[in-house]
């Protein structure tokens, strides 16, 4: 049981290049999330998904796209990378829920460190 | 709308001293509250959470936090710091009843432990 894995671990891009970050989870979780972490700002939600084939915008979605074609995978795309997208990206997943009676913990991957020159 | 404020981006304590990391939140609905820890070059690990019931919650590694509704606070404490506690700590809030389990994080507090 690997939990949440992220590929790649590190990447350096030039401005204008594109790339896709892959997140995979083997816990049969319904919900998946992409965050970015910047110094002093904590983690900010980019996009999330509450099930296969669904996606929604988070707090900072501009410049990113996502897809959830398979339940276990959540892809984050940068179509034209900018230096402002230099950050550490974290994927997370959780069981469905969030209703009044329960809360299901988010499990985080190890992160991808992206530098855009 | 929700927000989290962590007072002090850096906290330094001596080994064996009390650890106190401060967190204040705002939420328009009853909150779920969390503390996560991040060790260098790793992902986030849940330390403890408050959902319902007892307002004093105990977590892993000897940490605990108390939910004080009147003060909108959820401060993290540990009676005696260990060198291994050096890490970054994040307070987070999620809104009860909001589909998606979404978390809003504070800016983080880096804890340094001096020998």
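Chains as they are written, first to last, in the working numbering: chain A, 1 to 117; chain B, 1001 to 1115. Built from N, CA and C at the ideal position, the CB exists for glycine as well. Quick caveat, the model's predicted, so the values are computed rather than measured.
Per DSSP, cross-strand counterpart(s) of residue i
i                       : result
residue 53 of chain A   : DSSP, once it has assigned bridges, lists no residue as partnering residue 53 of chain A.
residue 1065 of chain B : B:1057 and B:1076
residue 1082 of chain B : Per DSSP, none; premise fails for residue 1082 of chain B.
residue 1015 of chain B : According to DSSP, which records beta bridges pairwise, residue 1015 of chain B is partnered with nothing at all.
Counted within 10 angstroms of its Cβ, other Cβ atoms place residue i as buried (16 or more) or exposed
i                       : result
residue 941 of chain B  : Outside the shown range of chain B, which is 1001 to 1115, sits residue 941 of chain B, and nothing can be said about it.
residue 70 of chain A   : exposed
residue 46 of chain A   : buried
residue 9 of chain A    : exposed
residue 125 of chain A  : Since the displayed chain A opens at 1 and closes at 117, residue 125 of chain A lies outside it and no answer follows.
residue 53 of chain A   : exposed
residue 1075 of chain B : buried
residue 27 of chain A   : exposed
residue 14 of chain A   : exposed
residue 57 of chain A   : exposed
residue 112 of chain A  : buried
residue 1043 of chain B : buried
residue 101 of chain A  : Unreliable placement is indicated for residue 101 of chain A, whose pLDDT of 47 sits below 50; no coordinate value is reported for it.
residue 62 of chain A   : exposed
residue 1084 of chain B : exposed
residue 1004 of chain B : buried
residue 80 of chain A   : exposed
Option nearest residue i by Cα separation, candidates the options
i                       : options                           : result
residue 1113 of chain B : B:1037, B:1005, B:1019 and B:1007 : B:1019
residue 107 of chain A  : B:1005, B:1012 and B:1046         : B:1046
residue 1033 of chain B : B:1107, B:1108, B:1106 and B:1093 : B:1093
residue 1108 of chain B : B:1037, B:1013 and B:1014         : B:1037
residue 1060 of chain B : B:1083, B:1035, B:1002 and B:1051 : B:1035
residue 30 of chain A   : A:44, A:48 and A:39               : A:48
residue 7 of chain A    : A:18, A:38, A:33 and A:90         : A:90
residue 60 of chain A   : A:50, A:18 and A:37               : A:37
residue 95 of chain A   : A:41, A:5 and A:33                : A:33
residue 1079 of chain B : B:1115, B:1013 and B:1068         : B:1013
residue 73 of chain A   : A:64, A:88, A:80 and A:92         : A:92
Backbone CA spacing between residue i and residue j [nearest angstrom]
i                       : j                       : result
residue 1116 of chain B : residue 1087 of chain B : In the structure as shown, chain B begins at 1001 and stops at 1115. Residue 1116 of chain B is therefore absent and cannot be evaluated.
residue 1073 of chain B : residue 1029 of chain B : 15 Å
residue 76 of chain A   : residue 1095 of chain B : 25 Å
residue 82 of chain A   : residue 21 of chain A   : 15 Å
residue 1105 of chain B : residue 78 of chain A   : 23 Å
residue 1110 of chain B : residue 1082 of chain B : 14 Å
residue 1040 of chain B : residue 1101 of chain B : 26 Å
residue 1027 of chain B : residue 1057 of chain B : 20 Å
residue 84 of chain A   : residue 116 of chain A  : 8 Å
residue 1021 of chain B : residue 1067 of chain B : 13 Å
residue 1063 of chain B : residue 18 of chain A   : 42 Å
Residue i, enclosing beta strand (DSSP E) - first and last residue
i                       : result
residue 32 of chain A   : 31 to 37
residue 1036 of chain B : 1031 to 1038
residue 1049 of chain B : 1044 to 1050
residue 1114 of chain B : 1109 to 1114
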